[in-house]
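Numbering (our numbering), first residue to last: 18 to 238.
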């Protein structure tokens, strides 16, 4: 029994150290693929995967601002968790309202890079764990860079460069405000929505995001 507990302790310690090691590695190294990409491949091997990592300076400021305006307007100031958004989501849930996710860009980055897309308390706990570490060890700029290069932005489309090419036939650094807003508008369900041509619903979201971008102005990370 003692051997079993020693083995278990070593296993837990090994996984802990490995997780920190991977967070440190991805502080500088581009993320080559994500667990979601692997899952999508096995779900549909015939679906091509488009993913082309580009550095932050080759991504339009419009897209950076668009995803912040759409997904997490408190991103520059919070510590990885938007407690006001979480509280509002809990209150809306109690009232039976349609609940919009309270996950921050930091949480989504942690999930995309290190975890799998499953709704469970265990997975959510790991998301909190990895969010804590990337907020501690990465800069906000790095978190946004990894997010923009890793998130699913269409069927088989991952990251800003692939999305810009797939939806608008141009590089990510040349996206206009409206094009960036269209891409941000589909993020809640990128496998069902289209950024171009945009449906009436996505067009409405696109307009709202552009207005939010104007209100936020330039974001300092």
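Beta carbons are placed, not taken as given, at the ideal position from N, Cα and C, and that holds for glycine.
Exposure label - residue i; buried when at least 16 CB within 10 Å
i           : result
residue 129 : buried
residue 48  : buried
residue 226 : buried
residue 222 : buried
residue 165 : buried
residue 104 : exposed
C-alpha distance - residue i paired with residue j, whole-angstrom precision
i           : j           : result
residue 213 : residue 184 : 6 Å
residue 181 : residue 82  : 15 Å
residue 145 : residue 32  : 16 Å
residue 224 : residue 237 : 23 Å
residue 243 : residue 18  : Absent from the model: residue 243. The displayed extent of the chain is 18 to 238, so no value can be given.
residue 73  : residue 190 : 9 Å
residue 26  : residue 34  : 12 Å
residue 136 : residue 207 : 18 Å
residue 57  : residue 95  : 31 Å
Contacting residues, own chain, Cβ-Cβ under 8 Å from residue i (five flanking each side not counted)
i           : result
residue 37  : 150
residue 156 : 238
8 Å contact criterion, which residue i and residue j should meet: CB distance rounded
i           : j           : result
residue 87  : residue 204 : 7 Å
residue 176 : residue 45  : Not a contact, Cβ separation roughly 17 Å.
residue 64  : residue 173 : 5 Å
Other residues of its chain near residue i: CB distance less than 6 Å, five sequence neighbours each side excluded
i           : result
residue 84  : 201
residue 143 : 132
Contact test: residue i Cβ vs the ligand FAD heavy atom, cutoff 6 Å
i           : result
residue 218 : Because no ligand of any kind appears in the structure shown, any question about the ligand FAD cannot be addressed here.
Sequence-distant residues of the same chain with beta carbon closer than 7 Å to residue i, five excluded per side
i          : result
residue 79 : 192, 193, 194, 197
Counterpart residues of residue i in DSSP-defined beta bridges
i           : result
residue 171 : 174
residue 275 : With the chain running from 18 to 238 in the structure shown, residue 275 is simply not present.
Within-7 Å CB hit, residue i to chain D
i           : result
residue 158 : Chain labels in this structure do not include chain D; a single protein chain is all it has.
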